Structure formats: structure tokens, C-alpha cells
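Protein chains in written order, with the numbering used here: chain A, 1 to 226; chain B, 1001 to 1241; chain C, 2001 to 2382; chain D, 3001 to 3382; chain E, 4001 to 4290. Think of the CB as a built atom: it goes at the ideal place given N, C-alpha and C, for glycine as much as any other residue. Quantities reported herein were computed from a predicted structural model and do not represent experimental measurements.
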Amino acid sequence: MNWVIDHIPELLSAAVDHLQLALLPVVVGLVLSLPLGWVANRWTVARAILVPVSGLLYTIPSLALFVMMPLLLGTKILDPINVQAALTIYTVALLVRSIADALAAVPDSVVQAASAMGYRTVGRFFAVELPLAIPVLVAGVRVAAVSNISLVAVGQIIGVGGLGYFLLHGAQSSPPNYQEIIAGIALIVLLALVVDGLLALAGRALTPWTRQQRGPVGRGRSVVSR
Amino acid sequence: MSVFDQVGDWLTNPDHWKTTLGIAGIPQRLGEHLQYTGLAVLIAAVIAIPLGAYIGHTGRGGTVVVGVVNSFRALPELGLLILLVLAMGLTLALEAVTIALVLLAVPVLLAGTYSGVRNVDRAAVDAARGMGMSEWEILLKVELPNALPLILGAVRSATLQVIATASIAAAVSLGGLGRFVIDGNALREYDQMAAGAVLIAGLAIVVELLLTGLQWLVVSPGLRKKTSRRTRARTAIPTSR
Amino acid sequence: MPTQGVRVIEFQSVTKRYADGTVAVDSLDLTIDAGRITVLVGPSGCGKTTSLRMINRMVEATSGTILVNGEDIRAQRPATLRRGIGYVIQNAGLFPHRTVIDNIATVPVLLGTKKAAARRRAEELLDTVGLPRELGKRYPAQLSGGQQQRVGVARALAADPPVLLMDEPFSAVDPVVRDDLQEELLRLQSELGKTIVFVTHDIDEAIKLGDKVAVLRVGGELAQYDTPATLLAKPVDDFVASFVGRDRGYRALGFLSAHGAEVVPLSTIPLGSPVDEARAALTGGWGVVVDENQAPLGWVSTSSLSTVEGELRSADLVAGGSLYVADSPKSGSLRTALDAALSSPSGVGIAVDSGGAVTGGVTAESVLKALDEARRSGEVPS
Amino acid sequence: MPTQGVRVIEFQSVTKRYADGTVAVDSLDLTIDAGRITVLVGPSGCGKTTSLRMINRMVEATSGTILVNGEDIRAQRPATLRRGIGYVIQNAGLFPHRTVIDNIATVPVLLGTKKAAARRRAEELLDTVGLPRELGKRYPAQLSGGQQQRVGVARALAADPPVLLMDEPFSAVDPVVRDDLQEELLRLQSELGKTIVFVTHDIDEAIKLGDKVAVLRVGGELAQYDTPATLLAKPVDDFVASFVGRDRGYRALGFLSAHGAEVVPLSTIPLGSPVDEARAALTGGWGVVVDENQAPLGWVSTSSLSTVEGELRSADLVAGGSLYVADSPKSGSLRTALDAALSSPSGVGIAVDSGGAVTGGVTAESVLKALDEARRSGEVPS
Amino acid sequence: GGSSDPLANQSTAAGGTSAAPAPAGTLVIGSANFPESTLLAEIYAGVLEAKGVKVTKKLGIGSREAYYPGLQDGSIDLIPEYTGTLLTHIDKTAKQTSADDVYTALQKALPEKLTVLDKSSAEDKDAVVVTKDTATKLNLKSIEDLVKSGSVTFGGPPEFQKRADGLPGLKETYNLEVKEYKSLDAGGPLTVDALKSGAVQAADLFTTDPAITANDFVVLDDPKNNFAAQNVVPLVTKSKADDTVKQALNAVSAKLTTEVLIELNAKLSAPDKPDAAKVAKDWLTSVGLL
Ligand SMILES: Nc1ncnc2c1ncn2[C@@H]1O[C@H](COP(=O)(O)OP(=O)(O)OP(=O)(O)O)[C@@H](O)[C@H]1O
Ligand SMILES: Nc1ncnc2c1ncn2[C@@H]1O[C@H](COP(=O)(O)OP(=O)(O)OP(=O)(O)O)[C@@H](O)[C@H]1O
Ligand SMILES: [Mg+2]
Ligand SMILES: [Mg+2]
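Next up, the structure:
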């Protein structure tokens, strides 16, 4: 533990960098994917294009995408923007589809009722459709945040990696500095779990109606299995 | 000369397609990549699919599966690889990489198989039991065929995740296509780096398309397009990259 | 009671052709009376929903004109028009993410009412639709189907719209609850006097609720538009006759008051009387056993008493038939009277007052006589 | 027709208590007749499904014994037992990944029949349940709800089991299709003579289908077990009476043949007759107008003819009431006869033969007389 | 590469650690991203601070490609360097191999703004290393013997594949053709492990690596001087190199020997992983420079 205790300031400042590298793309990605998801849900043609394309983008391995970003953006290879842009792409690829599906899953009767009550398209989206999509949206954001936090470390291979620094640096010492490596891994896992937990809590706070679903109704009608 | 041209030149340079001066070329690296991936996915499937099917069939332990999958998502692949390769040493490098990759693939496959079996229309399972199928027959003849779309989806996700992670194995001195990225970086040769990235992305996309095709061939036509938009929303979270 | 503008809805040769060429409604002419319940009924796909939704422009008519209170609905923007028309659909279409109160308050808030005021009004509406105020804080998923449907009605009433459109609102709830909801709607209508257009494919519901019923046939043509009584008595053609269904003669009796049917005195025997006294009290071999409030408990007959000794106990009774209420012109119908007679083991149906006490008996023959008289006096269309 | 072993099912004080303490079925004693349709009916949660599923051991009884053909069901392994018992559930529970044919062939293949033979049999079964053979190659998702339900029945019949258990099989389809399916089931039953146990919460369905009906109350107690006629005429208590519903006196007439009701001759007037001739032919002021096959078209009366000249045309007719078939003891019931009379503008119901030709008229009074006689002769339980 | 090469002109702000420019009057000390460079930078910093020079540290910047431009644009003022590789970095065609030749050539090649102070005798250069077993079995003393013994699997850092004194140099100088090249780390634990476990027969290690003695490895002679001299030398911006700085750093170079480097490296890799600053201070004190 000596090494860890001696290096708490470095670890903490790297953790802050790490979070910033991982979470900024989540925020940007979310903002970008809301209109895209809406468009994908609205027009079949848009869906037929957006969903497969985002699926394909999501399949590209992170290391490859990090390395290709300078090609696409004209940035320098060590620019943190590369990692952030790549992670934004993953976030958008993940969320566009979730949002489109979540919007499609809003019961037709609810949408109809909203229109019949005099909501216009935009008002209806924010008052009715978006809130109902929150559970799926939060699930998507959680996955994006957690996987981004883990992926930032890969960025260290091209020099931008937050806590990933300790993984490679510890491996470079001779003999390997296991304390350093394990401290890096542990902090990454910790960050991921904490962020995931906070997002889950936020999701719950935003969707009080999903709790206590099983009220006074619904007993007895349960499927009898086995 | 643009970077795209440089990448093109690098990829078409015959020296890079064979071992030159002891330095391995693209075919060998591709072979290594496929070897890591295939071995890991195979072992993970042998572990996870029967286990997931069992848990899905009995319904016991579902919460454990969800917990395991979620916490594994948080594990940084790079750290896992470094730790295992260092701890096990280079003579056991292949084993170390395989273990790391299996650890990544198992949760994905487990979750896919579990939810696939769980999501089978309960009425169909009830009917199967009611017509006198044994538990074994229910699993093999009803639950697994119906879970196939989700299981194959999980195989796809797991394979892609393994491909992605296998490419960072080069950071800990192993082979695979990631080698070009790492070496290119160390040598400050961006053409090599970018070419490596293109090869990795290309491999991922080709595998994705092949597995999608396989899925289309194997899954019963009765299950196609059956997933309502609602169930899609619930299972929309992919686990790849 | 809120004051309501008179709202007549007029369809003037309205046609709807969907993009795929389906003609859902074919030059429909229909005048819907203000302050009444008008029911659109017909087989699946006959264009009921389409007709209804053209009124609030959820569907735009292909040709023809729809007037509300003499004004073309196209004169207003759709969203504005809709805020003045209540709309209730199957499964209520409640917003799952809002509490019951907030669901109900939706339109007032949209129209600019302060949130607090809208909520107070919503609480009153809970009373109006017969729900306890405690439910206001729940979410829709925590309500039963019937309760949800009531909330749907309350929500549609919130802006106090003079017109209410209801599309098969009760078809997803079970029969007992549906009956409740129908009664509630009739009560509401008598209190509030809205102009209600109600869609159903259930002819029984149409007949029960409608002041007037429009029967549509597939292709969107109006087959008949009449009062329920006329519909049962004089279906214009085979399609309507078969749609109105079997038993239509019997069901038509439901529109005739039982007041005209002669009620004969019945011998009532208190429970616990000595069997000998009971035997002596029988009329035509039968007698009604009652409790201390004169409510009927069952029958005894010469044969049923032949093996009994001592005092009359519950176990000695023969189960009774259905009852009918006969103390005012509005209460029981010839239908309930006839069923009471038919279901009674003695052949005499028991008439009770609204308190449930036996007031006499009615025979099937006297019901038929009352029907004959009603026919002669023109009460039955023929 | 396949030969069937006699299969009586006996519940001997069977109780089911679930792990959470719910008593779903409470010491049930019930004997289910072989070759008949027995319906279990009752409100939601009363233990119908539990009772049914104890028969094929999908649910194991907590105490008591269930015998099939005198043999304790626990003597066989569950899977073996179930292969000899057909089971049909709501939404059919078809296997989505198999074609219709392969769904139907499932049990025979399980039992070792060759695939080709099982498929041939499955095709025959498509005929049996009234589906075109072309549907065999489709997947369940490509069928309508009603078609799926028929496939479910075919699948249950595939191994030719003497016993068929059906749990609310028709409750998810719309009323028109449900009617079809019910008719189909009655036809099937009359052809195949299976022992069918049928669960529903719809009392009308129970009365329509059941040879005997068991009414359960919540808590899993048997409230009444009788024929539908007895159930309507003599509900044992208020619970059953209210469950059986209103109109039970009238509906009970459905179980009495109209054969006993007197048919009086009617004057029939061919369409196109001169109006003068028609006027002369009226009886009691009314006459039935018929086509060349003697099928009734409508009524004319003194008053309706008063403004007509020349020959009788369709437009001159008064719409008729419902008809009833009266040429054999099995055809029409007193219910249809009474409705014919009640719905007729003349007060006389038209009796037709099975070809549709007018055979005479029936009055409500003669129906009541027939009911009276039936009561006296004990045809009606009292 | 062309003008669009993303690797061109990397700023010194590698790793996103760029900070506000150092206050005027302070000397900014940088280091590369391996332990020995950090240690040397700490030693320079220690001795300069003792002489009252205000210093700012920017350690672990990265490779030479990253930090060298930083010296030119003034982001850093001083960095520990190695004569041989620095020379070939500036002049790709340089052929000098002996310590003095390299040092002289280097002084000529340096741009106007920069200068090197006295070189120390401490050398840390690449060397071809084999295990004792391999040396005995194949009877290896020098790289030439390796060629005679037939083809081997060779391990080293990725850049060794292409560096002038790497595989191309070995081929040119000795006609050594390896059977397979394995990219490992730069003299790190993986290379050591690869040698020990036999995953490679020969590897490129640094002569100051304590693992060589610890594992009883044999350093093969380099009779044809494939690897140029690599004396440790302070590279500094001329304008910042006043007399105080020069004297202080020259005093350090006078005390620094290869043995000292080996010893200090060994201390750094002790199980408790002490900080470079502490190791530097202790040494400076022990040789009387503090
Ligand atoms: N958006 C649409 N596009 C094309 N055809 C439509 C559309 N909506 C309805 N239809 C068709 O128009 C006809 C009338 O539909 P409508 O929904 O009005 O019938 P309905 O009487 O309400 O039927 P149901 O009782 O089944 O609700 C049907 O044939 C239907 O298939
Ligand atoms: N697996 C179970 N565990 C605990 N309680 C159960 C279980 N299955 C059923 N029950 C309870 O047993 C009672 C009877 O259930 P059952 O399903 O037999 O009723 P049912 O008459 O079929 O009702 P429905 O008409 O709603 O289908 C109910 O109170 C139900 O909640
Ligand atoms: Mg409709
Ligand atoms: Mg049930």
C-alpha cells in the first residue's frame, strides 16, 4: 500500500481527468442523440439508415476508432479530443437506437390521448414521450458511461488515458509495480460503479411512476408457472 | 500525399503481407487475432450458454447473473489484460490473453442466453409442459430454439467485444492486429497505425456481417420480426465494442 | 352545474378515404343532438373510430363538412379545437408518468390555469366520477382497469368541454365493472348534460346508453339512425336486424315501464311462522317468505311444506326468482317484470318497492297484457 | 370416429394451498362425466385454473385424491399422464418457431410417431378444426387470434386424448370469433365425444357450452354443480343467483323445446298479390307476406294497407320480428318462440321450418302455456 | 510524412498535462517517460535548487519526438539526454560511434538555441543480451557469435524494428537476420521475462538495467560498434545556462558513472518503489553535492 499512499494526489488528479474524458462524451452524445432518435422514430426511412449505421459504428473496436479520429477530424494524435470524440460516437451509436425504440414503445393510446388533448408535436415530445422514454434512456446512458470509463484507459495506448497511465506505467517498471496497476484498475472500477449507481439513483428519482407498479391490481392475474 | 494515400500504400505494400526481417506481416497478425478471438468465444460459449440456459429455465439465480454482468462491464479490459499477462508470464501469454477474453465474453453470453430463455413466451412453455414434455425436452425443443435470436445476438456482441479487446493485447507484447497500432505509435509511423486501425475495424465489421447472416440462416422464420417494438426497447442495450 | 353552450354536431356528406384507398366513411350525413348521448355502433372496421376522430380532427375528412354549433371545424387550429373537446379511449390512455391528479389537470394547465387551481378542480372531478380523493396521488399503474377508465373520463371533463368523444371506452374492462361504468356515465350525463358521442361495437351497450343510436355498416354507410326502442322494434333491414341480435323482442320490453302491468296481492309469511299458519296462508299453492323488513327470502308451496314440521326455517325455502321494482313509473321495466315472472318457481314474479319490501306479484300474462296496451296506445313503434 | 375409453374424472376432497399460504382450492369434491363438456366458472381468483391444472399435475394437489377412470393420477409420471390429456390455453400457447403443421404434430412425434405420418394426421386435424390446409405451412405469428386458437385445439387433439382441458381458451378473441369457436367446439364434441373440462369466467359461455356447470366461489369452494337449466332456474344462493345474472328466467326458456307451444295457422300473402286480395286475407288485421319459397318477408296490416294501391311491393311491408324454427323437437326453444312473438309487430311470432318456409304463428300466451305445462310435468326444476 | 501527418509537430503538451507557462526567471526541467530519465532530472533539479536556482519540473513528458520541440519553443529549458540517440535524432546520417566523436559531432549538430554541457562517463546504451544458459550452450561472446549460431528469436521495444542501430543496423553491421522479432517493452519486465522464460533467445536491453546482473544475463560484445556511445549529458537552452547552472551540472556529470546509474536504478526498482526525488537527494548527499 506504500506506493498508493504516497501517490494519492496523482491518483486523484488522474481520476478527475479520467472522469472528464469519459463523461463529457456522454453529455454531448446524449444531446446529439435525442434529435437523432426522434427522427429515427418519426420516419421509417430515417430509422432504416440511422439504426444500422449506429450499429456498425458501435462494432468498431475502440483502439481502432481512437487511432482513426485524427484522420476524420484532422486533429493531432495526442489530442484528448480524439478519445472524447470516439467515445461520443459510441454514446450516440448506443443511444440513438435506445431512444428510437423507447419512443416507439410509448403506448399508442397515450400518444393519441395527448394529441386529442391539444398537445402539439414539440409539446407532446417533451411532456409525454420523452418522460416515458426515461427508463430506457437511463439504461442506455448507464451503459455508455460505464463502458466509456473503462475505454478511456485504452486511450493511454495513444497517450491520453487518465487512470490508464498507471496501468501502462506500472507495467513498464521493472519488476512490474503491481500496486500501481491494481490501484489503477480499482479506481477505474470504483469510478464506474459510483457513476453507475448515481445514474441509477437519478433514474429512479426521475421516474417515480415505475415504482410500486404492483399496486392493488394485478395479483391473481399472475402467470401460474410450473 | 494525404494520410489516406499513405494508409493505402502501407496496406498494399507487399512487404507488409509477409514476414520481413523477422517482423510478421498482416496474414500472421490476422491469424493471431482470429485465434485469440475464436478460442475465447468458444470457451466462453461452452461455459456460459449451458449455464445461462439452466438459470433461465429454472428462473433461479437471475439476479446474480444481472449483478455479475453489470459489475463486469465496469472492469477495464486493458487493466485485466496487463495484470494477467504480467502475473502469468510470457510463456503463458496465450493462456493469459484467453482467460482475460473469456472473462469478458462470459457475462455477455450468460446474460444473452439467460434473458433469451427467460423471454420465451410463458404460454408456449406452459403448453409444452402441459403436453407432456420433460423439462429437458422443454429446454431443448422449445426454450432454446425460441431463445436463439437473443443467444446469437449475444454471441455477436461477445465476439465483437473480444475482437476489440484482442487488439489491445498488443499493448502487453502479444500479437494480433493491434501490433500495427502499437508499433506504429512507438515508431511514430502514423501510416502503420492507421492501417492497423483500418484492419481491426474491417475485421469487426466483416465478422458482424457474417454473424448477422448466420443468424438469419439459423433462426426459425417464425421468430423473425416477431420481436415487438416494446420488447426491443427492453433489450435494446447492446454489449459490444 | 356548469352552463353549457348548445352543441349540435353535423356531418354533411363527409367522406374519408385513407391513403391506401380504403373508404372508411362514405358520404355520411348525421346530426348529433346537443346534450344527448349519441352512440355509433357497427361491426369492426365500419368506420366508427374514423367518424369520431374526424370531429376533433385527429383524422381529416377527405371531403364534406363537419359543423359544431354551425361552425366549420376547419376554422380552428386542430390543437385549439381539441382542447375544447373531451376525448376518452379504451384503456383510458392515461399518462403513466403523471399522478392521477396531474393526469386530470392536464388540459386546464395547457389552457393556462394555475397548477394549484387545476389540481383543486381535479380533486372535485374525482368526486364527480365516483373515485375517492386518496387515489389522486397514485400513478395510473396502481389503479384497476375500471378506476383508470373513470380517471380517463374525469380528465376529459376537466376543461368542462361541452362535447365529449368516447371511443369504446369500456371495452377492456370486465362485464361487472363495465356495468358500473355505464351506470356512472348515465348519471354523469343526467347531471352535466354534455353532448356525448360514444363509439362501441356492443349493441347492448349502445341500447343501454344511447339517446339515439347510429348503426353503421362496413364501408362507412349509415344503415339506421334512431332511438334504441325504434331500433329494436323496427330495424330497417336484415343487416340491422341481425346486428341488433336475437332477443330483440324481449330486450325491447326494457323500454316500457312496468307500471302498466297489474300487480296482484301476494300472501307473505314471516320467517319463523309456524308451518301450519304458513300452509293456511298460501295462495294458489304458493307463498312468499319474508324477513322482518318484508324483504323476500324465498317461496314455500304446498308440496315443499308437506314434509316440514314446527317453525319455518331458511332451509325449508324454495329459491326465488329475480325481483323487479315497481313503485314508480321510472323504476322497473316490463323486461324485468317478465323475467321475474318467468324465473319464479310459482310463476308469479315478486314486485318490490325501492326499499326492497314485497309489494305484490306479477304474472307473465299481465305483462303481456301491458305490452298489448302499450302497442295499442302507440308507445311501441310499429 | 376414434374409439374412446370412458374417462370419468373425480376430485375427492382436493385442497390446494400455495407456498405463500393462499388456499386456491378448498376440499373440492367433484365428479366430471365422461364424454361431456363440464365447465368450471367463477369470478377471478376463485381457483378455476388451479383446479384444472391439478388434473394433469401441472399443479400438485396439497391433499386429497384425483382419479381419472378410477385410477389415482399420481400413479403415473407427470409427463406420461400429460401426453394422454389434451391441454388448451388462452392465446393458444403455440410454439412460435414451428409451423402450424409441426405445432400440431408435436405430441405424436413426442410419442414416437414418424414425422411424415404425424404431419399427415396434422393436416386432417386442420380440416377437423375448420382451417384450410394451406395454413399449415405458416408460422403462428402469421395467423389471426381465432386461427391460432383453432390450431391450439388441433394440437391438443393430435394424440387423440380422451380428455381435453381448456383454460379460458376463447377469452382473448373478439366476440364474433368467439361465437364461431364455441359453435365449432360444440360440433367437435358431438363428433368426437371427448371428456372436456372447460374453464371460463363468462357465465354465458358456460351456459352455452356446458353439459354441466360447476360454479366456484373465491376461496376455491364449489358453490353449485348442475346443468345449465337448473343453474338458471334454481341458483342455490344469492352468490350464484347474482353470478348467473339478470334475465335468467328468460334465458332458462332456452332449455325448453318450443315443440310444446301451439302453432296457429297464419294467412300468407305472396309478394306482388293485388292489394285487395291481401286485404281480404288478413287475420285479426295482420298478414305475413312471403316470397315464392314461402319465406317471410314482412307484415301487412289493415292500417298499413290503407294507403296502398295496385300490387304489394317490398316497400309496403312492415318489418318483421325474429323467427323461430319449429319443425322438430330439437330445433327452436321457448326462448326463440317468445322473442318471435314479442318482436313481431302483430304480436304473433312467425314459426318457420328448417327450410325457412312459414309454418304458422305463435303467440306469447301459447308460449307461457307451454312453459306452465313444462313446469307441471317437471321439465323445469322447481 | 506529408503536412497532414497527425504525428508531425507534436507539442510538448503531451498527455494533456500542459500547464500555464513557468514564471520568468525559473528553469523548467523536463524528463522522458522512463524511470532513469526522471531520476536524472530529479538529480539536476536537486543540485540546482541547492545552488539557489528556481526550478519547475515537468517530468515524464514522453518520447524524444514529444519533448524535443518543447526545448525549441521554450516550454522546457533542461532535460537529461544521451549523446548517441540525441545525435541521430538531430542528424539521421550521423555515423560516429565512439564517446568523444559522438560528443563533438553533437555539439556541432545542435541548433543555435541549444547546447549540451559536459558529458558524464555514465553510459546507458542498448545492448544485445542473452541468458547465461544460452551463452554457454551456443558459446556466445559477441553479436558475431550470434550470427554464427544460426537464427534466433529476438525481443525488444517496438521501435528497435526500424531504428538505425536496431534490426536494420544489426543486419548491416553483422549481417544478423533474426528468425522472428517480438515487440516487447523498452527494457521493461516483459523483456526480462521473455529472456528468462525462453520466449526469446536474445533481447535488446539497456546497459544500466539492474535486471542484467540480477538475472545473471550476459551482455554480448559489440566489436563493430553497432550501438553508438550513449553518455548522459544535460541538454539545455543556451540563454538559461548561466555559470551557476553550468558549474552545478558539470559537477554532477563528473560524479556520474555507469556503476552509479546501475545502483540508482536498482534502488528505484526496489519493492517499496521509492520516489525518484528521494533517491536523487540521497545520492547527491552521499557524494557531497548537497
Ligand atoms: N390509418 C389508416 N390507414 C388506412 N386504413 C385505415 C386507417 N385507419 C383505419 N383504416 C381502415 O378504415 C376502416 C375503418 O376503420 P375504423 O378504425 O374507423 O373502424 P372501426 O369501426 O373503429 O373498427 P373497430 O371496431 O375495429 O375499432 C377499416 O377498414 C380500417 O382498416
Ligand atoms: N403460484 C401461485 N402462488 C401463489 N398463489 C397463487 C399461485 N397461483 C395462483 N395463486 C392464487 O390462487 C388463487 C386461485 O388462482 P387461480 O389462478 O386458480 O384462479 P382462477 O380462478 O383461474 O382466476 P382467473 O379467472 O383470474 O384466471 C388466486 O388467489 C391466486 O392469486
Ligand atoms: Mg375503432
Ligand atoms: Mg385462471
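CA-to-CA, the gap between Glu2205/C and Ala2252/C works out to about 14 Å. Gly1089/B reaches chain E at Asp4193 and Ser4197, counting residues in chain order whose Cβ is nearer than 8 Å.
If the five residues before and after Asp4165/E are omitted, its C-beta is found closer than 6 Å to the C-beta atoms of Asn4226 and Phe4227, all from its own chain and listed in chain order. In the DSSP assignment, Gln2224/C forms a beta bridge with Val2215/C. The beta-carbon separation of Val4128/E and Ala4202/E, rounded to 5 Å, stays under the 8 Å limit for a contact. Membership of Ala2326/C in any alpha helix (DSSP H) is not indicated, and neither H nor E is assigned to it by DSSP.
With a cutoff of 8 Å on beta-carbon distance, Thr1159/B and Leu1211/B are scored as near each other. DSSP links Val3367/D through a beta bridge to no other residue. Fewer than three pairs of CB atoms, one per stretch, sit closer than 8 Å, so the stretch 1001–1016 of chain B makes no contact with the stretch 1142–1156 of chain B. For Phe2095/C, no alpha helix (DSSP H) segment is defined, and its DSSP state is neither H nor E.
Comparing alpha carbon positions, the residue from Asp2020/C, Ile2032/C, Gly2042/C and Asp2029/C closest to Phe2243/C is Gly2042/C.
At a threshold of 7 Å, Thr3022/D counts as near ligand 2, since its beta carbon sits closer than that to one of the ligand's heavy atoms. In summary, no residue of the stretch 112–133 of chain A has a CB separated from any CB of chain E by less than 9 Å.
CA-CA distance, Thr2106/C to Asp2202/C, rounds to 30 Å. Secondary structure at Arg2083/C: helix, using DSSP grouped into helix, strand and coil. Taking all protein chains in view, the Cβ of Lys1141/B is crowded by 16 or more other Cβ atoms within 10 Å, so the residue is classified as buried. CA-to-CA, the gap between Lys4278/E and Lys4054/E works out to about 19 Å. The beta carbon of Gln4201/E sits no closer than 8 Å to any beta carbon of chain B. Contact between Leu1101/B and Val1064/B does not hold, since their C-beta atoms are separated by about 22 Å, which reaches or exceeds 8 Å.
The C-beta of Gly4030/E has 16 or more other C-beta atoms within 10 Å across all chains shown, which makes the residue buried.
Interface residue (Cβ-Cβ distance to chain D less than 8 Å): Leu2165/C is not classified as such. Spatial neighbours of Pro3078/D in its own chain (CB-CB distance under 6 Å, excluding positions within 5 residues in sequence) are listed in chain order as Arg3057. The shortest CA-to-CA distance from Gly1079/B to any of Ala202/A, Tyr165/A and Leu193/A is the one to Tyr165/A. For Val3264/D, the closest of Val3025/D, Ile3350/D and Thr3050/D by C-alpha to C-alpha distance is Ile3350/D. Secondary-structure assignment with DSSP links Asp2167/C through a beta bridge to Ile2089/C and Val2199/C. For Leu1078/B, there are no C-beta contacts with chain D under 8 Å, since the nearest C-beta of that chain is about 41 Å from it. As the crow flies, the alpha-carbon of Leu4284/E is around 37 Å from that of Gly1089/B. DSSP, read as helix, strand or coil, puts Leu4059/E in strand. Leaving aside the five residues that flank Ile1043/B on each side, the residues in its chain whose CB is nearer than 6 Å to its CB run, in chain order, Val1102.
Scanning its chain for C-beta atoms nearer than 6 Å, with the 5 sequence neighbours on each side dropped, one finds around Thr3283/D the residues Ser3267, in chain order. Contact with chain B is absent for Ala48/A, since none of that chain's Cβ atoms lies less than 8 Å from the residue's Cβ.
Glu1189/B counts as buried, since no fewer than 16 other beta carbons sit within 10 angstroms of its beta carbon. Lys4113/E counts as exposed, since fewer than 16 other C-beta atoms from the protein chains shown sit within 10 angstroms of its C-beta. Taking the CA atoms as reference points, Ile4212/E sits about 28 Å from Gly4046/E. In this chain, the alpha helix (DSSP H) harbouring Gln20/A covers Ile8 to Arg42.
Only residues of its own chain outside the window of five on either side were considered, and among them Thr4257 have a CB closer than 6 Å to the CB of Ser4121/E, listed in chain order.
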